[in-house]
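Numbering follows numbering that gives the first Met the number 0, with no gaps: position 218 of the sequence shown is 217. No residue lacks a Cβ here, since even glycine has one placed at the ideal position from N, Cα and C. Since this is a predicted model, take the numbers as computed values, not measurements.
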Amino acid sequence: MPSIRVLGHAFRAWRRNKRWAKHEPETPYLADLLSGAPVCLHVGASDGRHSYVMTQVAPQAHIYAFEPSSFTFEVLKLCLAWHGIGAQVTPVHAAVADAAGELLLVTPKKTSGRMGHSYAYVASEAPCGQVRPDVADVGLEVEPTAVVALDDYCAANGIEHVDFIRMDIEGAELRALTGAQGIIDRDFPHVLIEIHPMMLEARFGGSADRVLEVFRSRGYRMFAVNGDRLEERTEVETSVPWKDYFFVHPSRAGDLPDGVFKARMAA
Numbered sequence: 000m001p002s003i004r005v006l007g008h009a010f011r012a013w014r015r016n017k018r019w020a021k022h023e024p025e026t027p028y029l030a031d032l033l034s035g036a037p038v039c040l041h042v043g044a045s046d047g048r049h050s051y052v053m054t055q056v057a058p059q060a061h062i063y064a065f066e067p068s069s070f071t072f073e074v075l076k077l078c079l080a081w082h083g084i085g086a087q088v089t090p091v092h093a094a095v096a097d098a099a100g101e102l103l104l105v106t107p108k109k110t111s112g113r114m115g116h117s118y119a120y121v122a123s124e125a126p127c128g129q130v131r132p133d134v135a136d137v138g139l140e141v142e143p144t145a146v147v148a149l150d151d152y153c154a155a156n157g158i159e160h161v162d163f164i165r166m167d168i169e170g171a172e173l174r175a176l177t178g179a180q181g182i183i184d185r186d187f188p189h190v191l192i193e194i195h196p197m198m199l200e201a202r203f204g205g206s207a208d209r210v211l212e213v214f215r216s217r218g219y220r221m222f223a224v225n226g227d228r229l230e231e232r233t234e235v236e237t238s239v240p241w242k243d244y245f246f247v248h249p250s251r252a253g254d255l256p257d258g259v260f261k262a263r264m265a266a
């Protein structure tokens, strides 16, 4: 039986999704990327809000939702059941990086006293001092988590084609993309990724430009939401702690449903 705390979080997430409330500004654009029966990887699935949207804009989609937090994973499973999308979404209790194994999931305790589950990240050891450079905290919690590489996971589970990747993993982007290079080179999936310049440098020894280079070197085009507009970009904004970016490969432009991405890719 789930705890009262899990039930409370799951109910709020379920209700928010049903009302289409508090979604990120990139969410409406998923309808311009997904159609038919796409196979999607939701990396850093949290309570499943993007998984839910994917099933609404592409009812035949199948999503593999990766979430490392034990608490949030229980919330995710309840939300999937309450939304009636358990047959479409496969929850995977694991973090994603460049190789399989085990790491620590570090969750900061916010100044409000609540746990910052949305700010949790993987590390080989617990940090000393401030938990992360871009969020104020008053402590942390640490738990071990299984780790998978997307290439290995797809091979082991017979996933022969990936259409879309949503990734929000608090600075581990480069490590996760390194473990997905086979998928990217094979399928050129559409990607929506939240890039964290400060976390990449402070906790993962990477950079936003190295993440961008994964896509730039393969010929992808990059887009970001600015206010109420979708704009093409050539550089990542490093003056903000995090921002979402879409990547679309020209070879997949013909697969796009009618909408803003199809129009932009034809320009």
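| message | On a Cα-Cα basis, can you pick out the residue from E73, F222, V239 that is closest to E231? | response | F222
| message | Is the beta carbon of Q87 closer than 9 Å to that of A321? | response | A query on residue 321 cannot be resolved here, the shown segment of the chain reaching from 0 to 266 and no further.
| request: Look at the Cβ atom of V91, then the Cβ atom of F65, and state whether they are nearer than 9 Å. | output: In terms of Cβ geometry, V91 and F65 form a close pair [threshold 9 Å].
| field | Cβ neighbour criterion (16 or more within 10 Å) applied to G47 | value | Buried, because 16 or more other Cβ atoms sit within 10 Å of the Cβ of G47.
| query | When the distance is taken between beta carbons, is Y219 closer than 9 Å to F260? | reply | No, the pair does not count as a contact, with Cβ atoms beyond the cut-off.
| request: Mark G178 as exposed unless 16 or more other C-beta atoms lie within 10 angstroms of its C-beta, in which case mark it buried. | output: buried
| query | Terminal residues of the continuous alpha helix (DSSP H) containing A145? | reply | For A145, there is no enclosing alpha helix (DSSP H); the enclosing beta strand (DSSP E) covers residues 139-147.
| message | Under 8 Å, with one C-beta from each stretch per pair, do the stretch 162-169 and the stretch 183-193 reach the 3-pair mark? | response | The stretch 162-169 is in contact with the stretch 183-193.
| request: Could you tell me which uninterrupted beta strand (DSSP E) segments, each at least 3 residues in length, are contained entirely in the stretch 163-245, listed from first to last along the chain? | output: 163-166, 189-194, 220-225, 228-232
| query | Which of helix, strand or coil does DSSP assign to H116? | reply | helix
| query | How about the stretch 211-218 and the stretch 153-168: do they share at least three Cβ pairs that are nearer than 8 Å? | reply | no
| Distance between beta carbons of S68 and A119, contact taken as under 8 Å | 6 Å
| Length of the line joining the Cα atoms of V56 and P256 | 11 Å
| query | In this structure, does DSSP put G7 in helix, strand or coil? | reply | helix
| field | C127 - containing alpha helix (DSSP H), residue span | value | Note, C127: premise wrong, no alpha helix (DSSP H); not H, not E.
| field | Three CB pairs or more closer than 8 Å across the stretch 13-27 and the stretch 139-150 | value | no
| Is A64 helix, strand or coil by DSSP? | Strand.
| message | Which residues does DSSP list as the beta-bridge partners of H41? | response | Per DSSP, A64, R165.
| message | Just to confirm my understanding: we take V74, look at its own chain, exclude 5 residues before and 5 after, and list those with CB closer than 7 Å. What are they? | response | Cβ neighbours of V74 beyond the five flanking positions: V5, H8, A9, A12, D46.
| message | For E101, list the residues DSSP reports as bridge partners. | response | Beta-bridge partners of E101 (DSSP): A145.
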